[in-house]
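Here the structure is laid out as structure tokens; the discussion comes afterwards.
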Amino acid sequence: DAKTTQPPSMDCAEGRAANLPCNHSTISGNEYVYWYRQIHSQGPQYIIHGLKNNETNEMASLIITEDRKSSTLILPHATLRDTAVYYCIVRTDNAGNMLTFGGGTRLMVKP
Amino acid sequence: NAGVTQTPKFRILKIGQSMTLQCTQDMNHNYMYWYRQDPGMGLKLIYYSVGAGITDKGEVPNGYNVSRSTTEDFPLRLELAAPSQTSVYFCASSSPITGVNEKLFFGSGTQLSVL
């Protein structure tokens with residue numbers, strides 16, 4: 001599975017959009033991009049995933065570049081409760097392939 | 001639905017003791033996983049199971065054992081606890097439907113200290 005690179009930490013003002021980047025320059029054509037987050041001491045929570053098209057759900061939007069070498073998770077109106085570690089993961093959608101969680105980005109939303 | 005339930009939430013063990021971390025899910029998921037998370041680090045996969053009676057090693061299986069006799073339960077066994085096993089343990093489950101296989105549901109974790 002392709003490795004990902006994320007900044008270790010980011011700050012965002014409450015009410016503003018939080019844009020979390022992820023670099024996955026070695027991604028293969030059949031690998032999906034997944035985002036999870038982990039709020040302090042809790043189990044990780046699924047946010048969103050995509051293959052090549054941009055995706056949006058009730059939690060966030062996922063923007064994948066045309067060459068698929070990077071992506072951005074967007075939280076449109078960050079709240080204090082969005083303070084968490086955000087993990088970007090890429091892998092194939094084959095049964096038996098397991099998710100590997102790296103270091104992630106620690107997002108701090110400030111009032 | 002309770003989702004994924006882990007017990008206990010906290011435990012302190014002495015070196016050499018054994019214990020079983022319990023995990024149960026009520027979503028009829030085939031896939032179940034055990035991860036550990038050391039302070040300030042990401043999660044590492046210990047063992048996983050694709051169905052009752054089937055288990056396989058993950059990234060860091062040494063010092064642990066698992067069994068899967070039912071769809072609902074996936075206990076993790078520590079036979080001879082060592083300080084290196086001090087960590088937070090997360091159980092997760094998922095349903096392998098194409099395209100959403102990686103929507104894992106996690107339990108709230110077990111914080112284990114080995115002293």
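Sequences listed follow chains B and L, in order.
The first sequence begins at 1 in our numbering and counts up by one.
The second sequence begins at 1 in our numbering and counts up by one.
Using N, Cα and C, we set each Cβ at its ideal position, and we do this for glycine too.
Please confirm whether residue i has its beta-carbon closer than 8 angstroms to some beta-carbon of chain L.
i: Y46/B; result: yes
i: L73/B; result: no
i: M10/B; result: no
i: M59/B; result: no
i: G104/B; result: yes
In chain order, what residues of the same chain lie with their CB nearer than 7 angstroms to the CB of residue i, ignoring the 5 residues before and after it?
i: T4/B; result: C22, N23, H24, C88, I89, V90 and G102
i: R16/B; result: A78
i: E79/L; result: S18 and N65
From the DSSP secondary-structure annotation, give me the bridge partner or partners of residue i.
i: P21/B; result: T72/B
i: I89/B; result: Y34/B
i: G50/B; result: V33/B
i: G51/L; result: I54/L
i: A92/L; result: Y33/L and F106/L
Kindly say whether residue i, judged by its beta-carbon, lies nearer than 8 angstroms to any beta-carbon of chain B.
i: Y48/L; result: yes
i: G109/L; result: yes
i: L80/L; result: no
i: G16/L; result: no
i: S113/L; result: no
i: F10/L; result: no
i: G58/L; result: yes
Identify the continuous beta strand (DSSP E) that holds residue i and give its terminal residues.
i: A81/L; result: Run containing A81/L: none; DSSP gives neither H nor E here.
i: A2/L; result: Per DSSP, A2/L belongs to no beta strand (DSSP E) and is neither H nor E.
i: K14/L; result: Looking at the DSSP string, K14/L is not in any beta strand (DSSP E), and its letter there is neither H nor E.
Whose C-beta lies closer than 6 angstroms to the C-beta of residue i among residues of the same chain, with five residues either side of it excluded?
i: L104/L; result: A92 and S94
Does any heavy atom of the ligand ATP sit closer than 7 angstroms to the C-beta of residue i?
i: R36/L; result: With respect to the ligand ATP, the structure offers nothing, as it holds no ligand at all.
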